[in-house]
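J.:
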Amino acid sequence: MKTKALIAVLFIGIILFWAVEDMPAFGDPDAPATQYTGQLYVDSVLPDIGIDNIVTAILASYRGFDTLGEVVVIFTAGISVAMLLRRGGRL
Amino acid sequence: MMENVVIRTVSRLAVPFIQIFALYVIVHGASGAGGGFQGGVVFAASFILMIIAFGMANVRRRIDNRGIMWLSVIGIATYAGIGFLALLMAGNFLEYAAIEAALGIPHLHGILIDLVEAGIGIAVMASMVSIIYDIAGNGEESS
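Protein sequence lines, in the order shown, are assigned to chains L and F. Per my numbering, residue 1 is the first one in the first sequence, and the count goes up by one each step. Per my numbering, residue 1001 is the first one in the second sequence, and the count goes up by one each step.
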């Protein structure tokens, strides 16, 4: 069992290291992740929204509805734990 | 745990700084690294430290389960309320630019984002503390 697990780990590790070859260099401006909408956001955040932090601008303004859903997910987690574990009390 | 003077003294010193740092992270979200989620979790960490140092009953005496639940609802209501405020100002849901245009206050967009981040921070902090209360408190209701 241990040898099988070791073989599986080595196999997956070799595949992952093989894939590292194709990754773009760290901070490469020509990488695909920085090609499409990144420059658009960098150019339009300050005139659109007027705050400096691009991440917060995307999180709270462009994707505001998404973030509202995330907060509701965390709230739901808290409510669920309270309903499951809290005994003898009100919510 | 209550008789350990080192833990009590160090956490009495550390908790205000952790909470100030958490507020800084929340408020600083619009102009630097930070945001509501991170700041809320840091604030909840200060509650964990207080529970470790002073015991569950002492912390619950300051804010009980009902208060934590109310805070959690208030956080989400702040966020969603600003969204509905945009609806009232003839915009789309969560369209802050409509509020800014209707009221005519400059830089209101960034201020509304700060308010939204504060709401996120309150909701995340309250949810985390509620989970800690339920998991660490053996389910008893003490307020």
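Ideal placement from N, C-alpha and C gives every residue a C-beta, glycine not left out. Everything numeric in this text was worked out from a predicted model, so none of it was measured.
Just verifying my parser: in three-state terms, what is the DSSP assignment at F/Ser1143?
T.: Sequence index remark: in the second sequence, residue 1143 of chain F carries index 143 (1-based). Model confidence at F/Ser1143 stands at a pLDDT of 43, short of 50, so the residue's coordinates are unreliable; what they give is reported in the following sentence. Of the three classes helix, strand and coil, the one that applies to F/Ser1143 here is coil, per DSSP.
J.: Please state whether DSSP places F/Ile1105 in a helix, a strand or coil.
T.: Taking the first residue of the second sequence as position 1, residue 1105 of chain F is located at position 105. Of the three classes helix, strand and coil, the one that applies to F/Ile1105 here is coil, per DSSP.
J.: Helix, strand or coil for F/Met1128, going by three-state DSSP, please let me know.
T.: Counted from its first residue, the second sequence places residue 1128 of chain F at position 128. Helix, per DSSP.
J.: Measure the C-alpha to C-alpha separation of F/Arg1066 and L/Ile49 and round it to an integer number of angstroms.
T.: Locating residue 1066 of chain F in the second sequence gives position 66, where the first residue counts as 1. Locating residue 49 of chain L in the first sequence gives position 49, where the first residue counts as 1. Rounded to the nearest angstrom, the two C-alpha atoms are 37 Å apart.
J.: Does any residue of chain F have a CB that is nearer than 8 Å to the CB of L/Gly27?
T.: The residue you call residue 27 of chain L lines up with position 27 of the first sequence. No - not a single Cβ of chain F is within 8 Å of the one on L/Gly27.
J.: The alpha helix (DSSP H) that contains L/Gly64, what's its start and end?
T.: Working through the first sequence from its first residue, we reach residue 64 of chain L at position 64. Taken as a continuous stretch (DSSP letters only), the alpha helix (DSSP H) holding L/Gly64 covers 64 to 85.
J.: Where do the N-terminal and C-terminal ends of the alpha helix (DSSP H) with F/Gly1036 fall, by residue?
T.: Counting from one through the second sequence, the residue named residue 1036 of chain F turns up at place 36. Counting along the chain, the alpha helix (DSSP H) containing F/Gly1036 begins and ends at 1036 to 1054.
J.: Taking C-alpha atoms, which residue in F/Ser1130, F/Val1042, F/Ala1033, F/Gly1035 lies nearest to F/Ala1071?
T.: Translated into the one-based positions of the second sequence, residue 1071 of chain F becomes position 71. Note on residue identity: the sequence assigns Leu, not Ala, to residue 1071 of chain F. The option with the nearest alpha carbon to F/Leu1071 is F/Ser1130.
J.: Using only the alpha-carbon positions, how far apart do L/Tyr41 and F/Gln1019 sit?
T.: Along the first sequence, one-based indexing puts residue 41 of chain L at 41. Along the second sequence, one-based indexing puts residue 1019 of chain F at 19. Cα to Cα, L/Tyr41 sits roughly 33 Å from F/Gln1019.
J.: Measuring straight from C-alpha to C-alpha, what distance separates F/Ile1076 and F/Val1010?
T.: As a working note, residue 1076 of chain F is residue 76 in the second sequence. As a working note, residue 1010 of chain F is residue 10 in the second sequence. One C-alpha to the other measures close to 33 Å.
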